[in-house]
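Numbering (the working numbering), first residue to last: 5 to 268.
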């Protein structure tokens, strides 16, 4: 990683590459919950740094978060995609299974099922709903309706499950809860009313009271997309700016790849 800027080179231990975006907060919450030290390295996605050659050596997909674990013997492991990072951190640092279960147990596979539900359903659907609500360059009513409805269906699934279980996988908090939590915390930003799903709302509120979650939500800066913050009229100008910048960024990326495919 010779081309990595000096201040962004991984240090000994666990390094989290992130920014003020939804998925990186999963990792800081996890690290705070299990009480491990980590180095947080900000990648400036406002200027496209996540697409730079040095970062795509860490994450070929050019997205956040990513991790680099520099081990005692000097070797290192680089990983990307939030679920893979969560699983790795739990495997390496959660030997007592504070937020996981022994590999192969029934509870372990339930945890993996809900983690898969999050990365294949909840996250992508909420991301698309958010796109059509906040960042689309033109009004697409069907797109907004389609993805918001699918989000509501997914939250109904979660709500029914949590009505008879304190956590999504067994009797304890796991990385699956953490992965689902940060998107549920962002429901209003994505066009979903979490109050419609009382069991999911109670679960969300209980997790939000955990000191570890509160600490994780403040790295590298206070998480800005909670329902409470999004609903605050005093912050309206800030969110209009976020939407404007987001729309510009999405349009630039879309045009680039459409042009390369001969569509423009």
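Note that the Cβ used here is the ideal one computed from N, Cα and C, for glycine as well.
* Among all the DSSP beta bridges, which residues are the ones paired with residue 71? -> Position 67 of the chain shown, counted from the start, is the residue given in the question as residue 71. 20 and 83, per the DSSP bridge assignment.
* Enumerate in chain order the residues of its own chain whose CB-to-CB distance from residue 106 is below 7 angstroms, with the five nearest sequence positions on each side excluded. => For the purposes of this step, residue 106 is identified with residue 102 of the chain shown, where counting begins at 1. Around residue 106: 112.
* To do: Taking residue 201 as the reference, give the member of 183, 232 and 165 with the closest Cα.
  => In the chain shown, counting from the first residue as 1, residue 201 sits at position 197. Closest option to residue 201, Cα to Cα, is 165.
* Asked: Can you check whether the CB of residue 81 is closer than 7 angstroms to the CB of residue 16?
  -> As a first step, residue 16 must be located in the chain shown, where it is residue number 12. As a first step, residue 81 must be located in the chain shown, where it is residue number 77. In this structure, residue 81 does not lie closer than 7 angstroms to residue 16 by Cβ.
* Asked: Looking at C-alpha atoms only, which residue of 133, 218, 249 and 62 is the closest neighbour of residue 13?
  -> In the chain shown, residue 13 corresponds to position 9, counting from 1. Minimum Cα distance to residue 13 is reached at 62.
* Integer-rounded CB distance, given that residue 100 should sit under 8 angstroms from residue 219 -> Locating residue 219 in the chain shown gives position 215, counting from the first residue. Locating residue 100 in the chain shown gives position 96, counting from the first residue. 20 angstroms between Cβ atoms; not a contact.
* With a cut-off of 8 angstroms on the beta carbons, I'd call residue 45 and residue 20 a contact; round off their distance for me. => In the chain shown, residue 45 corresponds to position 41, counting from 1. In the chain shown, residue 20 corresponds to position 16, counting from 1. About 7 angstroms; that satisfies the 8 angstroms criterion.
* Do residue 155 and residue 130 come within 7 angstroms of each other at the CB atom, strictly closer than that value? -> Start at 1 with the first residue of the chain shown, and residue 130 comes out as number 126. Start at 1 with the first residue of the chain shown, and residue 155 comes out as number 151. Taking 7 angstroms as the Cβ cut-off, residue 130 and residue 155 qualify as a contacting pair.
* Is the distance from the Cβ of residue 158 to the Cβ of residue 188 below 7 angstroms? -> One-based indexing of the chain shown puts residue 158 at position 154. One-based indexing of the chain shown puts residue 188 at position 184. Not in contact: residue 158 and residue 188 (Cβ atoms no closer than 7 angstroms).
* Asked: Under the three-state reduction of DSSP, which class applies to residue 139: helix, strand or coil?
  -> For the purposes of this step, residue 139 is identified with residue 135 of the chain shown, where counting begins at 1. Residue 139: helix per DSSP, three-state reduction.
* **CB contact flag (residue 169, residue 30, <7 angstroms)** => Position 165 of the chain shown, counted from the first residue, corresponds to residue 169. Position 26 of the chain shown, counted from the first residue, corresponds to residue 30. For residue 169 and residue 30, no; Cβs fall outside 7 angstroms.
* **Whole-angstrom distance between residue 24 and residue 249, CA atom to CA atom** => The residue you call residue 249 lines up with position 245 of the chain shown. The residue you call residue 24 lines up with position 20 of the chain shown. Computed Cα separation, rounded: 14 angstroms.
* From this set, 42, 145, 173 and 133, which residue's C-alpha is nearest residue 97's C-alpha? -> Along the chain shown, read from residue 1 onward, the residue named residue 97 stands at position 93. Cα-wise, what sits closest to residue 97 is 42.
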